[in-house]
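Visitor: Protein chains in written order, with our numbering: chain A, 1 to 344; chain B, 1 to 615.
Built from N, CA and C at the ideal position, the CB exists for glycine as well.
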Amino acid sequence: MSEPVALKLTAKDFKSDQEVRWCPGCGDYAILAAIQQFMPELNIPRERTVFVSGIGCSSRFPYYMNTYGMHSIHGRAPAIATGLSVSRPDLSVWVVTGDGDALSIGGNHLIHALRRNVNLKILLFNNRIYGLTKGQYSPTSEVGKVTKSTPAGSADAPFNPLSLALGAEASFVGRTIDSDRKHLQSVLRAAAEHQGSAFVEIYQNCNIFNDGAFDQLKDPTTRDDYLIRLEHGQPITFGAEGQFCVVHPPGGFGLEVRETSSVRPEEVVVHDTTVADPAYAFALSRLPGLDLRNTPIGVFRSVDRPSYDSVVQSQLAAAKAKVTETPEQQLAGLLASGDTWTII
Amino acid sequence: MTKQIRQLDRVVIRFAGDSGDGMQLTGDRFTSETAQLGNDISTLPNFPAEIRAPAGTLPGVSSFQVHFADYDILTPGDAPNVLVAMNPAALKANLADLPRGADIIVNTDEFTKRNLAKVGYQVSPLDDDSLAGYVLHPVALTSMTVGALAAHDVSKKDAERSKNMFALGLLSWMYSRPYESTLRFLERKFAARPELVAANVAAFRAGWNFGETTEDFAVRYEVKPAKMKPGTYRNITGNAALSLGLVAAGVRSGLPVFLGAYPITPASDILHELSKHKRFGVITMQAEDEIAAVGAALGASYGGSLGVTTTSGPGVALKSETISLAVALELPLVIVDVQRAGPSTGMPTKTEQADLNMALYGRHGEAPVAVIAPRSPSDCFFAALEAARIALTYRTPVILLSDNYVANGSEPWLLPDVESLPDLRVEFTTEPNGEDGTTFLPYLRDPETLARPWAIPGTAGLEHRIGGLEKADKTGDISYDPANHDFMVRTRAARIETIPVPDIEVEDPDGDARVLVLGWGSTYGPIGAACRGLRQRGLSIAQAHLRHLAPMPANLAEVLRSYDRVVIPEMNLGQLAHVIRARYLVDAISYNQVRGLPFTATELETTLEEVLKNV
Numbered sequence: 001m002s003e004p005v006a007l008k009l010t011a012k013d014f015k016s017d018q019e020v021r022w023c024p025g026c027g028d029y030a031i032l033a034a035i036q037q038f039m040p041e042l043n044i045p046r047e048r049t050v051f052v053s054g055i056g057c058s059s060r061f062p063y064y065m066n067t068y069g070m071h072s073i074h075g076r077a078p079a080i081a082t083g084l085s086v087s088r089p090d091l092s093v094w095v096v097t098g099d100g101d102a103l104s105i106g107g108n109h110l111i112h113a114l115r116r117n118v119n120l121k122i123l124l125f126n127n128r129i130y131g132l133t134k135g136q137y138s139p140t141s142e143v144g145k146v147t148k149s150t151p152a153g154s155a156d157a158p159f160n161p162l163s164l165a166l167g168a169e170a171s172f173v174g175r176t177i178d179s180d181r182k183h184l185q186s187v188l189r190a191a192a193e194h195q196g197s198a199f200v201e202i203y204q205n206c207n208i209f210n211d212g213a214f215d216q217l218k219d220p221t222t223r224d225d226y227l228i229r230l231e232h233g234q235p236i237t238f239g240a241e242g243q244f245c246v247v248h249p250p251g252g253f254g255l256e257v258r259e260t261s262s263v264r265p266e267e268v269v270v271h272d273t274t275v276a277d278p279a280y281a282f283a284l285s286r287l288p289g290l291d292l293r294n295t296p297i298g299v300f301r302s303v304d305r306p307s308y309d310s311v312v313q314s315q316l317a318a319a320k321a322k323v324t325e326t327p328e329q330q331l332a333g334l335l336a337s338g339d340t341w342t343i344i
Numbered sequence: 001m002t003k004q005i006r007q008l009d010r011v012v013i014r015f016a017g018d019s020g021d022g023m024q025l026t027g028d029r030f031t032s033e034t035a036q037l038g039n040d041i042s043t044l045p046n047f048p049a050e051i052r053a054p055a056g057t058l059p060g061v062s063s064f065q066v067h068f069a070d071y072d073i074l075t076p077g078d079a080p081n082v083l084v085a086m087n088p089a090a091l092k093a094n095l096a097d098l099p100r101g102a103d104i105i106v107n108t109d110e111f112t113k114r115n116l117a118k119v120g121y122q123v124s125p126l127d128d129d130s131l132a133g134y135v136l137h138p139v140a141l142t143s144m145t146v147g148a149l150a151a152h153d154v155s156k157k158d159a160e161r162s163k164n165m166f167a168l169g170l171l172s173w174m175y176s177r178p179y180e181s182t183l184r185f186l187e188r189k190f191a192a193r194p195e196l197v198a199a200n201v202a203a204f205r206a207g208w209n210f211g212e213t214t215e216d217f218a219v220r221y222e223v224k225p226a227k228m229k230p231g232t233y234r235n236i237t238g239n240a241a242l243s244l245g246l247v248a249a250g251v252r253s254g255l256p257v258f259l260g261a262y263p264i265t266p267a268s269d270i271l272h273e274l275s276k277h278k279r280f281g282v283i284t285m286q287a288e289d290e291i292a293a294v295g296a297a298l299g300a301s302y303g304g305s306l307g308v309t310t311t312s313g314p315g316v317a318l319k320s321e322t323i324s325l326a327v328a329l330e331l332p333l334v335i336v337d338v339q340r341a342g343p344s345t346g347m348p349t350k351t352e353q354a355d356l357n358m359a360l361y362g363r364h365g366e367a368p369v370a371v372i373a374p375r376s377p378s379d380c381f382f383a384a385l386e387a388a389r390i391a392l393t394y395r396t397p398v399i400l401l402s403d404n405y406v407a408n409g410s411e412p413w414l415l416p417d418v419e420s421l422p423d424l425r426v427e428f429t430t431e432p433n434g435e436d437g438t439t440f441l442p443y444l445r446d447p448e449t450l451a452r453p454w455a456i457p458g459t460a461g462l463e464h465r466i467g468g469l470e471k472a473d474k475t476g477d478i479s480y481d482p483a484n485h486d487f488m489v490r491t492r493a494a495r496i497e498t499i500p501v502p503d504i505e506v507e508d509p510d511g512d513a514r515v516l517v518l519g520w521g522s523t524y525g526p527i528g529a530a531c532r533g534l535r536q537r538g539l540s541i542a543q544a545h546l547r548h549l550a551p552m553p554a555n556l557a558e559v560l561r562s563y564d565r566v567v568i569p570e571m572n573l574g575q576l577a578h579v580i581r582a583r584y585l586v587d588a589i590s591y592n593q594v595r596g597l598p599f600t601a602t603e604l605e606t607t608l609e610e611v612l613k614n615v
């Protein structure tokens, strides 16, 4: 392909004429604005960009993007997007989903899209609650969560979305936060550049049914001590004074947080998104405690693996390369294959 | 010795054995030889759902019936003239279907004390007089095969496994079949193991030569070629024809075919077949579940492919929500339901027509779709093309109701000329359709077809969003307006109801029939054979067969009213009859069987005769 022409698109070009109807104060507004501002950077024509969603508050997203889009049914967006992506490799296909949509009703499609490594960018808006159905607990709600459907507290253990994605062999996994536009866009940028499935969890505040779920990660007085900002090639240290770090204790399976002053500098883990073994990124995904301390954000994992789309397309290309006849001639040959006989 | 040669006009042979005995393959090869000779043919495989049920037991019996004749036939035959029974279980399971006087060829080597006990024979039926009413041919099939292969470099096990080729050789001799195609087939099948080609060919020849030399088979039969339309033929099953029809739909529409499917009996063969045709641009995806299969197909349709999903009843139930989405999105989608006996897992390898209600009504909300059903194995090809035509032209899901009987049955197929197949080309919308010349209205309909524009991603200037929420007429914007919803619901209904479909044709050669038999789908053959039988006996009866179940042909009301009685035989408890009664206020007689087997022509003939007597 020749060098792409600069399209000179702006955020405004990606705003549809539809009135945005999320609750005032919803974290979705910030994500929408961040994405609309970010899309021009990709220099992909609007007509070649498609947003596919399921059901839920987050899934209204496609209506507000002036691209192609489909608001489908609960949990099925990864399946629908797979059919679109694999049959149309020229498109940039994004899936917008939520914690209920992706991890409950659509859990199967999510893990299989990641396993296949379909060329989809999957944005999971995680607010740890069912919003559109007015406040039931979700598969990411904490144990004991009191909601309309769990007056005595939720008895379910929650999913850790990143651990799940990594267990499903996701080739790209990242996490970001609705309120940090710069960081959000940096993770989206890396996701967009990735060939294959890119799974991005976005912590999103539902100010109506689960307000403040991620406040510790946003409050200027706590966030630096709670957040681990992952950067490829950099030692993993965090805290307002860099007072914490991540180490791999000998004999252990996972990673642990220590006080930086208590370890030798060479013991601090240097973040590497390209580690082939998903155990490393999985260990990172297990660091946060129930109180959200030690929450890594950024790109956890980004490894090269052939995408499903590319394998399917190369099989098609190989089969078509041998063809010398017109489709009609090929069809006539196919119909007459096997044992035939002629009656005169 | 010189053998007597007797001419027959038709023969029904049933090959029966253990599921590991290779009866399907034997039947298939005999069918192919018979096709080469030019007889008309109809076949019916009957096998258990278990891949290898315990050897020698009744549940493990697998059979293949082939009916061939020197005239055109409509069914695989009610009762076999010849039963090949490879073991006691095969004899016991099939004996009740045999008329007195039928030939029975048994493999005596398998009639051991142990095998007899497995199926409850105290005394071998070969030794008492229980088979006195039949012409019994005891043949030591296994030991003669092993003996014939003594000089071959194959294991005893492989030698024993060649006994089906011995049986095929014997039957091929008995009915004077040309066997070159079988020899070619064996060379292809065992190309990697030449010693097995030699062994199987030797077993086949041993069987043939045994027929020629033994005194037990004094008569050899001939069935002359049938008078068939000139042209090139092949024998084809319904699933194979349906697969080719989908490939043809891709070629004739110029669109890539995308099949999303999850393995399910008896539809999986369509997935297998289509996965071979990548050179036509066909993409097949074995999805993680039935829901993903239809979802991916719908996603591909959204992107400009012909999206198809293939399944059986339980799968359609799972796909229901997505089919409703396709109704709302107004995108083309072909859903193939190869029906099997239900509910639930039911009898997965047995046939039934009990998904009609689900196809017509099995969705939430007012969610009409088009429904069509093929009448015979080769008709599956044309039904697939018709389903694609409706889906593409009217931007709607179409459910194609095949069933296990037509899917696995086979018949000769006069190959169509590709150029004569319908032109399915579609035009994607590429320009704004609003009056201002710049706006795109995704739900502005073609006044004739009521279809909305199909503007696929990648088309600059037509970026738009669609979804499951109710849409405003024309703009497609989200709308909760009561009047708009009422309008859209009625429009979606009208969109299906006004699809022009061919008038139903009535076969009434005498012209004075007072009773009409109305059928749909795979019952065409047995109903047709029953009507022929009645007419041959001087009775008048009319036959009409529905291909389009939604919408129904415009002339159907008039046809139904032209007869004193309407009889509707179905392999369900009266689902079409219910529709006919409700829609046309016709007091139709419902005749039903749900035994997992097709109707026999004889039983239908008897039933219809009763009706005729009482008109």
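Using a 10 Å radius around the Cβ and a threshold of 16 neighbouring Cβ atoms, would you call VAL146 of chain A buried or exposed?
Guide: The sequence position of residue 146 of chain A within the first sequence is 146, counting from 1. So VAL146 of chain A counts as exposed.
Visitor: Between VAL12 of chain B and the rest of its own chain, which residues show a CB-CB distance below 6 Å, the 5 nearest in sequence each way excluded?
Guide: On the second sequence, position 12 is the one that residue 12 of chain B refers to. Excluding residues within five positions, the ones whose Cβ falls inside 6 Å are HIS67, GLY77, PRO80, ASN81.
Visitor: Between VAL123 of chain B and GLN65 of chain B, what straight-line distance do the alpha-carbon atoms span, to the nearest angstrom?
Guide: Working through the second sequence from its first residue, we reach residue 123 of chain B at position 123. Working through the second sequence from its first residue, we reach residue 65 of chain B at position 65. Using only the alpha carbons, I get a separation of about 28 Å.
Visitor: Could you check whether the Cβ of ASP9 of chain B sits closer than 8 Å to any Cβ belonging to chain A?
Guide: By one-based count along the second sequence, residue 9 of chain B stands at place 9. Output row for ASP9 of chain B: interface = no.
Visitor: With 8 Å as the threshold, decide whether the Cβ of SER302 of chain A is near any Cβ in chain B.
Guide: Sequence index remark: in the first sequence, residue 302 of chain A carries index 302 (1-based). Using a Cβ-Cβ cut-off of 8 Å, SER302 of chain A does not count as an interface residue toward chain B, since no Cβ of chain B sits closer than that to its own.
Visitor: Going by beta carbon distance, what residues of the same chain come within less than 8 Å of THR10 of chain A, once the five residues before and after it are set aside?
Guide: Stepping through the first sequence from its first residue, residue 10 of chain A is reached at position 10. Hits under 8 Å: PRO40.
Visitor: With burial defined as no fewer than 16 other Cβ atoms inside 10 Å of the residue's Cβ, what is the status of VAL334 of chain B: buried or exposed?
Guide: Position 334 of the second sequence, counted from the start, is the residue given in the question as residue 334 of chain B. Burial call: buried.
Visitor: Grab the span of the beta strand (DSSP E) containing TYR134 of chain B for me, first residue to last.
Guide: Locating residue 134 of chain B in the second sequence gives position 134, counting from the first residue. Boundaries for TYR134 of chain B: no beta strand (DSSP E) harbours it, and the DSSP string shows neither H nor E there.
Visitor: Helix, strand or coil, according to DSSP, for TYR179 of chain B in the structure here?
Guide: For the purposes of this step, residue 179 of chain B is taken as the residue at position 179 of the second sequence. Residue state, collapsed to three classes: coil.
Visitor: Can you give the beta carbon distance from ALA544 of chain B to GLU505 of chain B, rounded, assuming they're within the 8 Å contact cut?
Guide: Position 544 of the second sequence holds residue 544 of chain B. Position 505 of the second sequence holds residue 505 of chain B. Between ALA544 of chain B and GLU505 of chain B a beta carbon distance of about 7 Å is seen, short of the 8 Å cut, so the two are scored as contacting.
Visitor: Helix, strand or coil for ASN404 of chain B per DSSP?
Guide: Start at 1 with the first residue of the second sequence, and residue 404 of chain B comes out as number 404. Note: ASN404 of chain B maps to helix in three-state DSSP.
Visitor: Could you tell me which of B:HIS578, B:ASP423, B:ASN235, B:LEU168 sits nearest to SER376 of chain B, measuring between CA atoms?
Guide: Position 376 of the second sequence, counted from the start, is the residue given in the question as residue 376 of chain B. Checking every option, the nearest Cα to that of SER376 of chain B belongs to B:ASN235.
Visitor: Taking 7 Å as the limit between beta carbons, can you name the residues of its chain near PHE604 of chain B, skipping five residues before and five after?
Guide: Position 604 of the second sequence, counted from the first residue, corresponds to residue 604 of chain B. The identity of residue 604 of chain B in the sequence shown is Leu, whereas the question assumes Phe. Result list for LEU604 of chain B: PRO526, ILE527, ALA530, PRO569, in chain order.
Visitor: For HIS74 of chain A and GLY106 of chain A, which I take to be in contact (beta-carbon distance under 8 Å), what is that distance rounded to the nearest angstrom?
Guide: On the first sequence, residue 74 of chain A is found 74 positions in, with the first residue counted as 1. On the first sequence, residue 106 of chain A is found 106 positions in, with the first residue counted as 1. With a Cβ gap of about 7 Å, HIS74 of chain A and GLY106 of chain A count as contacting.
Visitor: Answer yes or no: does any C-beta atom of chain A fall closer than 8 Å to that of ASP477 of chain B?
Guide: Walking along the second sequence from the start, residue 477 of chain B turns up at place 477. Taking CB atoms only, ASP477 of chain B has a neighbour in chain A less than 8 Å away.
Visitor: Tell me the DSSP secondary structure of LYS471 of chain B in three-state form.
Guide: In the second sequence, residue 471 of chain B corresponds to position 471, counting from 1. Reduced to three states, the DSSP call for LYS471 of chain B is strand.
Visitor: Could you tell me the boundaries of the alpha helix (DSSP H) in which HIS112 of chain A lies?
Guide: Here residue 112 of chain A is taken as the residue at index 112 of the first sequence, counted from 1. Note, HIS112 of chain A: alpha helix (DSSP H), 107-116.
Visitor: Could you confirm whether any beta carbon from chain B is found closer than 8 Å to the beta carbon of ARG80 of chain A?
Guide: One-based indexing of the first sequence puts residue 80 of chain A at position 80. According to the sequence displayed, residue 80 of chain A carries Ile and not Arg. Closer than 8 Å to some Cβ of chain B, the Cβ of ILE80 of chain A qualifies, so yes.
Visitor: Which two residues bound the contiguous beta strand (DSSP E) that contains MET70 of chain A?
Guide: The residue you call residue 70 of chain A lines up with position 70 of the first sequence. Here the beta strand (DSSP E) through MET70 of chain A covers 68-71.
Visitor: With three or more C-beta pairs closer than 8 Å as the rule, is the stretch 262-274 of chain B touching the stretch 231-246 of chain B?
Guide: Touching, per the Cβ criterion.
Visitor: DSSP three-state call for ASP156 of chain A: helix, strand or coil?
Guide: By one-based count along the first sequence, residue 156 of chain A stands at place 156. DSSP places ASP156 of chain A in coil when its eight states are reduced to three.
Visitor: Could you pull out every residue in the same chain whose Cβ sits closer than 6 Å to the Cβ of GLY315 of chain B, ignoring the five residues on either side in sequence?
Guide: Counted from its first residue, the second sequence places residue 315 of chain B at position 315. Here the set comprises ILE264, GLU290.
Visitor: Between GLU50 of chain B and chain A, is the shortest Cβ-Cβ distance under 8 Å, so that the two count as touching?
Guide: Residue mapping note: residue 50 of chain B aligns to position 50 of the second sequence, counting from 1. It does not: the Cβ of GLU50 of chain B has no partner Cβ on chain A nearer than 8 Å.
Visitor: Check the DSSP bridge columns for ARG184 of chain A and list the partner residues they point to.
Guide: Counting from one through the first sequence, the residue named residue 184 of chain A turns up at place 184. Reading off the sequence shown, one finds Leu at residue 184 of chain A, where the question assumed Arg. Partner(s): none; LEU184 of chain A has no beta bridge.
Visitor: Confirm, please, whether the CB-CB distance from PRO442 of chain B to ALA455 of chain B is below 8 Å.
Guide: Position 455 of the second sequence holds residue 455 of chain B. Position 442 of the second sequence holds residue 442 of chain B. Yes.
Visitor: Can you tell me which of the three DSSP states GLU621 of chain B falls into?
Guide: No information on residue 621 of chain B is available, as it lies outside the stretch 1 to 615 that chain B covers here.
Visitor: Classify THR147 of chain A as helix, strand or coil using the three-state DSSP reduction.
Guide: In the first sequence, counting from the first residue as 1, residue 147 of chain A sits at position 147. THR147 of chain A falls in the strand class under three-state DSSP.
Visitor: So which residues on chain B does ALA336 of chain A lean against when the C-beta distance must stay under 9 Å?
Guide: Here the question's residue 336 of chain A lines up with position 336 in the first sequence. Identification of chain B residues near ALA336 of chain A by a Cβ-Cβ cut-off of 9 Å yields THR232, ARG234, LEU415, ordered along the chain.
Visitor: Does ILE35 of chain A have its Cβ less than 8 Å from a Cβ in chain B?
Guide: As a position in the first sequence, residue 35 of chain A is number 35, starting the count at 1. Chain B contact via Cβ: absent.
Visitor: So, LEU360 of chain B versus VAL371 of chain B, is the Cβ gap smaller than 8 Å?
Guide: Stepping through the second sequence from its first residue, residue 360 of chain B is reached at position 360. Stepping through the second sequence from its first residue, residue 371 of chain B is reached at position 371. Their beta carbons are under 8 Å apart, which means LEU360 of chain B touches VAL371 of chain B by this criterion.
Visitor: Ignore the nearest five residues each way along the sequence and tell me which others in SER307 of chain A's own chain have a CB closer than 6 Å to its CB.
Guide: Translated into positions along the first sequence, residue 307 of chain A becomes position 307. These residues qualify, in order along the chain: ASN117, ASN119, GLN195, GLY196.
Visitor: Can you find a C-beta in chain A that's less than 8 Å from the C-beta of THR280 of chain B?
Guide: Mapped onto the second sequence, residue 280 of chain B falls at position 280. It is Phe, not Thr, that sits at residue 280 of chain B in the sequence shown. Residue-level contact by beta carbon holds for PHE280 of chain B and chain A, with a gap shorter than 8 Å.
Visitor: Which residues in the same chain have their Cβ closer than 8 Å to the Cβ of ALA102 of chain B, if we skip the five residues on either side of it in sequence?
Guide: Your numbering for residue 102 of chain B matches position 102 in the second sequence. Taken in chain order, the residues that qualify are ALA79, PRO80, ASN81, VAL82, LEU83, TYR134, VAL135.
Visitor: For the pair the stretch 1-20 of chain B and the stretch 216-223 of chain B, tell me if three or more CB-CB distances fall below 8 Å.
Guide: yes
Visitor: Which residue wins for smallest C-alpha separation from GLY365 of chain B, given the options B:TYR394, B:ALA326, B:ILE390?
Guide: Numbered from 1 along the second sequence, position 365 holds the residue referred to as residue 365 of chain B. Considering only B:TYR394, B:ALA326, B:ILE390, the residue with the shortest C-alpha distance to GLY365 of chain B is B:ALA326.
Visitor: How is PHE599 of chain B classed by DSSP in three states: helix, strand or coil?
Guide: Numbered from 1 along the second sequence, position 599 holds the residue referred to as residue 599 of chain B. DSSP places PHE599 of chain B in coil when its eight states are reduced to three.
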